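FYI, this note's numbering numbers position 66 of the sequence shown as 73, with every residue one higher than the one before it. Notes follow once the structure below has been shown.
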Amino acid sequence: MSLQDLLTVVPAGSEEEELVRSIDFGRLPRHVAVIMDGNGRWAKLRHKRRVEGHRAGIHAVRDTIETSARIGLEVLTLYAFSIENWKRPQSEVSTLMSLLKKYLRSELDTLLRNNIRFRVLGRPHELPADVQEELQRAEERTSANEGLSFNIALNYGGRAEITDAVRELFRELLHDGRDPSRIDERALAAHLYTAGQPDPDLLIRTSGELRISNFLLWQIAYAEIWVTDVLWPDFRRRHLLQAIGDYQKRDRRYGGITTV
Ligand code: FPP
């Protein structure tokens, strides 16, 4: 997956081709995380029900995964359902669950064909049993894949993740009779849902809201944030390319001094 791979799907002479050619493939973000927002507003603008916005959002999900795999990103994380989203009307929640199930069923072959590894971040054991089964199947079937790691944050909360990690870490320490004062950042990170994956370099949020919404609180410590007014169902390859292009113009200092 590379520049050549992307150019096969981008119309020659288009603005998108220009965007692709402006990207430095040697300096890609390793992990891109996305807060997919604006489905409800997208539907409202079209006098449709909110769930139609979620349905349309699936096209953006497909496009973003395909582009991420073609670019050669290591990890893509999409925020699909937060712990707080249970507060939504029951009918919206159940439509989201059934969309997710359908998506996993219909896309599993594509994930396998493209060497994509699927992983759930969150508390999947609290989801309906049929959704859990589908998630587990997709995780197991793709577990040996070595291309893009595609994470879905589902029944996810950043504070819940840190709490789960601390609880697990303490359980292990007590079991092994080890000293808790030896806990360090590395030990905690190794118990997060994203254990073994690099932290996001780039965090994208659609629909113009300037909030983190309890997403990957630990992991985004040094992420570059890119916000667009585009509503999630309209998000496409060119927007991801723009985000990566802008990311590459940033000076990442990690608390140090500027290098240019
Ligand atoms: C935010 O828009 C979006 C969500 C809470 C759900 C995102 C889900 C999908 C795109 C579909 C399923 C996903 C996968 C990965 C198959 P909102 O409803 O908060 O929009 P609003 O702020 O305009 O009301």
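By construction, the Cβ of each residue, glycine as well, lies at the ideal position given by its N, Cα and C atoms. None of the values given here were measured: they were computed from a predicted structure.
- The residue among Glu114, Leu26 and Gly64 with its C-alpha nearest the C-alpha of Ile78 is Leu26.
- Check the Cα spacing between Arg144 and each of Gly263, Ala196, Tyr229 and Arg112: the tightest is with Arg112.
- If you draw a 10 Å sphere on the C-beta of Val173, you find fewer than 16 other C-beta atoms in it, and that means exposed.
- Separation of the CB atoms of Leu80 and Leu180 is rounded to 35 Å, and the pair is thereby denied contact status at 8 Å.
- Scanning Ile264, Trp225, Gln249 and Glu114 for the CA closest to the CA of Val68 turns up Glu114.
- For the ligand FPP, a non-hydrogen atom lies closer than 6 Å to the CB of Arg48.
- Of the candidates Phe32, Leu142 and Leu107, Leu107 places its Cα closest to the Cα of Val58.
- Here Arg212 really is in contact with Ile42; their C-beta atoms are around 4 Å apart, less than 8 Å.
- In this chain, the beta strand (DSSP E) harbouring Ser89 covers Val82 to Ser89.
- Below 8 Å, too few C-beta pairs join the segment 8-26 and the segment 129-143 to call them touching: fewer than three.
- Between the C-alpha atoms of Arg37 and Pro205 there is a straight-line separation of about 7 Å.
- Looking at the DSSP output, Tyr229 sits in no beta bridge, so it has no partner there.
- In the three-state reduction of the DSSP assignment, Leu134 falls in the coil class, being assigned neither a helical nor a strand state.
- Per the C-alpha coordinates, the member of Asn152, Asp31 and Tyr163 positioned closest to Tyr86 is Tyr163.
- Placement of the Cβ of His61 at a distance of less than 6 Å from at least one heavy atom of the ligand FPP is found.
- Taking a cut-off of 8 Å on C-beta distances, the segment 113-132 does not touch the segment 176-191, as fewer than three cross pairs fall below it.
- Judged by DSSP secondary structure, His198 falls outside any beta strand (DSSP E); it is assigned neither H nor E.
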